[in-house]
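> This note's numbering numbers the first residue of the sequence shown as -3 and each following residue consecutively.
Input: one structure, supplied below.
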Amino acid sequence: MRFSMPPIPIRAVQANDLPQVVAIHQQAFKGFHMTLLGPRFLARYYQTVLDYPYSIFLAAVDDARMLGFVAGFVNPPQFYAMLRARKRALALAAATHLVLRPHLWRRTLSSIRREQ
């Protein structure tokens, strides 16, 4: 016997979806470096993905509720250059969490160096 599920609608992520993207990221990636930098950092990061002209940013939705998302980009060096151009805004968004968790500084600096 074969069961079929109705197709799940997939659409492009929009700016007003970012709170749901952040919530899903926090749930899916507990304890990961970017998650530990806080929701403001994640919102800025995903805003950069959304702003990048060659991003792949899609959401699976059920009515108004986001079930999941995928985020990626064509030409990673170009994306990371855009991300570096926004480093002040990203740093400010992560500042509280970096102060509360000083051990994150080393991991953050290491991540920045890897992307350069």
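Note that beta-carbon positions come from the ideal geometry of N, C-alpha and C, so glycine has one too.
Because the structure is a prediction, the values reported are computed rather than measured.
(1) Under a three-way DSSP split, which group does Arg84 fall into?
(2) Just to confirm my understanding: we take Arg36, look at its own chain, exclude 5 residues before and 5 after, and list those with CB closer than 6 Å. What are they?
(3) Can the beta-carbon of Leu14 be found less than 9 Å from the beta-carbon of His93?
(4) Using CA atoms only, rank isn't needed, just tell me which of Tyr76, Ala87, Phe(-1), Gly64 is closest to Val9.
(5) Give me the Cα-Cα distance between Lys83 and Phe28, rounded to the nearest whole angstrom.
According to the structure data:
(1) Here residue 84 corresponds to residue number 88 of the sequence shown, with the count starting at 1. For Arg84, the three-state secondary structure derived from DSSP is helix.
(2) As a working mapping, residue 36 is identified with position 40 in the sequence shown. Cβ neighbours of Arg36 beyond the five flanking positions: Ala89.
(3) Here residue 14 refers to the residue found at position 18 when the sequence shown is read from its first residue. Here residue 93 refers to the residue found at position 97 when the sequence shown is read from its first residue. No, they are not a contact pair.
(4) Indexing the sequence shown from 1 puts residue 9 at position 13. Of the residues Tyr76, Ala87, Phe(-1), Gly64, the one whose Cα lies closest to the Cα of Val9 is Gly64.
(5) Along the sequence shown, read from residue 1 onward, the residue named residue 83 stands at position 87. Along the sequence shown, read from residue 1 onward, the residue named residue 28 stands at position 32. One C-alpha to the other measures close to 19 Å.
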